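Enquirer:
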Amino acid sequence: MGRSDDAPARPRAVSEDDVVDVRGLVRALGDRAAPTTILHGLSFTIPRGEFVALTGASGSGKSTLLYLLGALDRASAGEVWLDGMELGELDDDDRAAFRNERLGYVFQFHFLLPEFTVLENVLIPMLRRGTIARSEAEDRGYDALRMLGLEELFARKPGQISGGQQQRVAIARAVAHDPAVILADEPTGNLDSRNAETVFGVFARLAREQGRTIVMVTHDVDFARRADRQIRLRDGRIVEDTLHGPVPASRA
Amino acid sequence: MSGALSALRTSVFIGLRQLWERKLLNGIAVGGVTLGVLVLIAMSAIMEGFEQKFTQAILKISPHVILFDTELHAERPLLERYERTRVAAAVSHESPPDRQARIKRPHEIVATLGGVPEVAAAAESIAGMGLLEFGGKTKSIDVRGIEVRAQDAVTPVSQYVKAGALAALETETEGLAVGSGVAQELGLSVGDVVHATAPGGRPLDLKIVAVFEAEIPPVDKTRAYTSLRTAQTLLGRADSISRIEIRLVDPDVAPRVNTALERMFGYDGESWQESNANFLSIFAMQDMVVSFVIAAILLVGGFGILAIQIMIVLQKTRDIAILRSVGLRRRDILRVFLLQGVVIALVGGALGDGLGKLAIHYLGQLKVKAEGLVKTDTFLVREDTRFYVYGLAFALLVGVVASLIPAWRGSRVEPVEVLRGQIG
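As given, the protein sequences belong to chains A and B, one line each in that order. Under this note's numbering, think of the first position of the first sequence as 1, with each following residue one higher. Under this note's numbering, think of the first position of the second sequence as 253, with each following residue one higher.
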């Protein structure tokens with residue numbers, strides 16, 4: 001990832017505290033002759049520690065935006081700066097390494113590996129990185145599970161715990177390695193209201209107590225309102241960008 | 253690099269766990285490989301067992317190289333050498349018996365052979381066709397006139413003597429040792445006297461001094477040994493030596509030594525491989541056919557791995573997408589599935605080796621009654637460490653090749669496409 005050395009030569013984000021800096025982001029899908037444009041030149045920044053809800057109707061492009069922020073997809077035009085890196089300049093391996101080290105994902109369908117225990121699921125990203133010893137990784141994994149009230153389930157397989165618990169394990173996996181940004185794609189979309197409330201509560205706590213930067217795609221109006229900020233998309237354009245909650249320190 | 257090591261460890265961890273959690277499917281793939289390796293080992297053991305037995309059988313009673321009485325570069329008669337006309341050459345003072353082929357100065361050849369490092373022993377002898385009559389029955393035989401001790405050093409006939417003693421040919425001037433098949437057919441036993449005749453020779457009454465059984469039916473049913481002098485009288489070829497039989501230190505080099513000896517002495521020679529070329533070529537053909545069968549079975553085992561792995565990769569698309577999204581590289585995914593192929597192959601290979609060893613053990617005890625080229629009452633098998641090494645090596649090759657396609661496919665999974673499909 002030596003390319004980050006070139007970064008200062010380019011125009012940098014407005015503030016060093018902006019973890020996410022999106023500039024003129026365009027994403028088109030389909031064949032080259034008749035492409036379908038999903039995102040029409042989005043630009044915004046997210047300061048460190050902000051809890052952002054990304055809302056919009058189905059097909060508004062919010063998931064696509066999340067994949068682009070998550071270095072899973074490539075922009076057709078524009079730039080995505082994330083934690084000081086322009087993702088468009090990274091090759092496949094570098095993007096994988098970037099995801100491994102700086103990002104945490106939570107998906108709608110909890111997406112745990114069925115063959116591995118709860119703790120092992122949390123550990124795998126850290127094991128792949130290999131920068132810390134396995135014992136330390138296990139400590140961090142336990143800490144993350146304890147924070148989510150799951151420490152007693154560490155030896156269970158995903159099939160042996162409830163959907164809400166599985167989603168919390170996925171959150172533990174996303175936070176255990178201390179990522180720069182947590183990206184969540186409708187994490188409550190597949191849960192009943194009680195579990196959804198619990199899971200949303202976990203995100204809120206991560207934001208308030210640990211100062212995590214979180215971008216969460218959600219359909220739930222109530223949850224969106226309870227985030228620090230709501231960005232609403234329609235047909236690939238930002239139609240609303242509202243600050244609600246406590247403004248992060250860097251913005252004051 | 254610790255990064256590369258931890259990446260490898262992670263791939264191994266994931267690969268082995270996934271393999272273990274799908275015991276049934278992967279067990280079937282292992283079974284395919286096991287079967288292939290088992291067949292490879294069992295077939296090789298049977299083939300080589302029979303070939304080895306046959307070769308041993310040939311070598312226990314046949315010389316490694318024989319020099320015959322055919323001169324390769326016969327000297328032209330004196331007259332022809334100096335008189336260039338056909339008429340002169342046609343004038344001959346030789347009578348037919350004088351023109352009988354024979355090896356000239358055989359003692360010198362044997363003495364010279366004693367100095368050739370590849371040669372272990374050499375013996376002069378005479379061979380011809382004869383007829384035995386006993387109790388109203390007759391049987392044609394292949395008579396060999398030998399110098400007992402020298403011949404025994406080349407072809408250890410005395411080891412196979414069932415009754416009497418071969419050495420008695422040295423003392424009993426008109427003695428005869430016959431194969432067990434000859435003895436059985438004529439109803440002979442040691443001490444009987446048979447009437448022997450041969451075209452062009454003098455009929456003799458010979459006393460049976462020994463019966464031998466080499467367990468090679470073609471030999472046991474036709475051959476008879478007598479002393480050199482008796483045979484020369486019987487065949488009417490006084491003082492003639494028709495062949496020199498040679499035993500080598502290493503039978504495998506016989507063709508090369510044969511060529512050298514032909515050049516050295518000017519007589520036509522034949523290695524045991526040439527004498528048995530028809531059988532050996534059948535073996536070569538059989539080897540090839542069996543190799544095809546083994547290759548086909550291993551190929552089927554490979555397709556088993558391929559099919560099952562492809563299925564697993566397709567089922568695991570979602571898991572691959574998760575692993576990729578949390579930071580595993582394409583090559584990590586590739587390694588996970590290649591490793592699974594290798595483990596399947598190694599487990600299958602090891603099981604095949606174990607079962608192969610058992611198969612060899614039990615095949616070796618199988619009772620069969622065979623009397624053709626070789627006589628045996630058990631299945632002929634040969635065990636060789638080589639088979640096990642080949643079994644494992646072929647299994648590994650098949651495993652790696654068969655899992656390449658699924659592994660490559662798995663590594664091409666684009667997480668974003670899978671995620672888009674899920675969320676729809």
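Even for Gly, the Cβ is constructed at its ideal location relative to N, Cα and C. A quick note: this is a predicted structure, and the numbers were derived from the prediction, not measured.
Would you be able to state if there are at least three C-beta pairs under 8 Å between the region 291-310 of chain B and the region 535-547 of chain B?
Expert: yes
Enquirer: Residues of chain B with CB closer than 8 Å to the CB of residue 154 of chain A, please, in chain order.
Expert: Chain-order list of chain B residues neighbouring residue 154 of chain A: empty, with the shortest C-beta distance near 16 Å, by a criterion of under 8 Å.
Enquirer: Can you tell me whether DSSP reads residue 262 of chain B as helix, strand or coil?
Expert: helix
Enquirer: Three or more beta-carbon pairs under 8 Å between the region 488-507 of chain B and the region 466-473 of chain B, yes or no?
Expert: no
Enquirer: Near residue 257 of chain A, which residues of its chain fall below 7 Å by C-beta distance, leaving aside the five closest residues on each side in sequence?
Expert: Any property of residue 257 of chain A remains undetermined from this structure, which presents chain A solely from 1 to 252.
Enquirer: Would a check of beta-carbon distances place residue 554 of chain B closer than 7 Å to chain A?
Expert: no
Enquirer: Would you kindly work out how many angstroms separate the C-alpha atoms of residue 182 of chain A and residue 209 of chain A, rounded to a whole number?
Expert: The C-alpha of residue 182 of chain A lies about 15 Å from the C-alpha of residue 209 of chain A.
Enquirer: Using 8 Å as the threshold, is the region 52-69 of chain A in touch with the region 182-196 of chain A, meaning 3 or more CB pairs across them?
Expert: The region 52-69 of chain A, when compared against the region 182-196 of chain A, does touch it at the 8 Å Cβ threshold.
Enquirer: Which bits of chain A does residue 580 of chain B rub up against, with CB to CB less than 7 Å?
Expert: Neighbours of residue 580 of chain B on chain A, chain order: 96, 128.
Enquirer: Is it true that the CB of residue 158 of chain A sits closer than 7 Å to the CB of residue 166 of chain A?
Expert: Going by C-beta atoms, residue 166 of chain A is nearer than 7 Å to residue 158 of chain A.
Enquirer: Any idea which residues DSSP pairs residue 492 of chain B with across the strands?
Expert: Per DSSP, none; premise fails for residue 492 of chain B.
Enquirer: Are any of the Cβ atoms in chain B nearer than 7 Å to that of residue 93 of chain A?
Expert: For residue 93 of chain A, the nearest CB of chain B lies under 7 Å from its own CB, placing it at the interface with that chain.
Enquirer: Does the beta-carbon distance from residue 262 of chain A to residue 238 of chain A come in below 7 Å?
Expert: Nothing about residue 262 of chain A can be read from this structure; chain A reaches only from 1 to 252.
Enquirer: Taking residue 107 of chain A as the reference, which of B:522, B:319, B:460, B:578 has the closest Cα?
Expert: It is B:578.
Enquirer: Quick one: does residue 543 of chain B have its CB under 7 Å from some CB of chain A?
Expert: no
Enquirer: Hey, residue 311 of chain B and residue 496 of chain B: beta-carbon distance below 7 Å or not?
Expert: no
Enquirer: Report all residues from its chain with a CB closer than 6 Å to the CB of residue 293 of chain B; omit the five preceding and five following residues, and keep chain order.
Expert: Around residue 293 of chain B: 608, 639, 643.
Enquirer: Between the alpha carbons of residue 262 of chain B and residue 562 of chain B, how many angstroms are there, rounded?
Expert: 21 Å
Enquirer: Quick one: is residue 197 of chain B near chain A, going by C-beta distance under 7 Å?
Expert: Any answer about residue 197 of chain B is impossible in this case: the structure gives chain B only from 253 up to 676.
Enquirer: Bridge partners of residue 396 of chain B, per DSSP?
Expert: B:379, B:477
Enquirer: Taking the alpha helix (DSSP H) that residue 230 of chain A belongs to, which residues open and close that run?
Expert: That residue, residue 230 of chain A, is in no alpha helix (DSSP H); its beta strand (DSSP E) goes 229-234.
Enquirer: Buried or exposed: where does residue 530 of chain B fall if 16 or more other Cβ atoms within 10 Å of its Cβ makes it buried?
Expert: exposed
Enquirer: Is the Cβ-Cβ distance between residue 439 of chain B and residue 387 of chain B less than 7 Å?
Expert: yes
Enquirer: Which value, in whole angstroms, describes the spacing of the CA atoms of residue 270 of chain B and residue 258 of chain B?
Expert: 18 Å
Enquirer: Measuring only the C-alpha atoms, how far is residue 400 of chain B from residue 603 of chain B?
Expert: 53 Å
Enquirer: Can you tell me whether residue 272 of chain B is buried or exposed? The criterion is at least 16 other CB atoms within 10 Å of its CB, across all chains shown.
Expert: exposed
Enquirer: If contact is defined by three or more beta carbon pairs under 8 Å, each pair taking one atom from either stretch, is the region 483-498 of chain B in contact with the region 367-379 of chain B?
Expert: yes
Enquirer: Give, in chain order, every residue of the region 50-73 of chain A whose Cβ lies closer than 7 Å to some Cβ of chain B.
Expert: 63, 67, 72, 73
Enquirer: If the cut is a Cβ gap below 8 Å, which residues of chain A does residue 658 of chain B touch?
Expert: Result: empty, since nearest Cβ-Cβ is about 17 Å, beyond 8 Å.
Enquirer: Could you check whether the Cβ of residue 125 of chain A sits closer than 7 Å to any Cβ belonging to chain B?
Expert: By this cut-off, residue 125 of chain A is an interface position.
Enquirer: Let me confirm a value: residue 24 of chain A is counted as buried when at least 16 other C-beta atoms fall within 10 Å, else exposed. Which label applies?
Expert: Its Cβ having fewer than 16 others within 10 Å, residue 24 of chain A is exposed.
Enquirer: Can you round the beta-carbon distance between residue 486 of chain B and residue 456 of chain B to whole angstroms, since I take them to be within the 8 Å contact cut?
Expert: 5 Å
Enquirer: Could one say the Cβ of residue 121 of chain A lies closer than 7 Å to chain B's Cβ atoms, at least one of them?
Expert: Closer than 7 Å: no.
Enquirer: Out of curiosity, what's the CA-to-CA distance linking residue 160 of chain A and residue 40 of chain A?
Expert: 43 Å
Enquirer: How many whole angstroms separate the CB atoms of residue 21 of chain A and residue 45 of chain A, which I take to be in contact at a CB cut-off of 8 Å?
Expert: 5 Å
Enquirer: What residues in its chain sit with their C-beta under 7 Å from that of residue 390 of chain B, if we drop five residues either side in the sequence?
Expert: 383, 384
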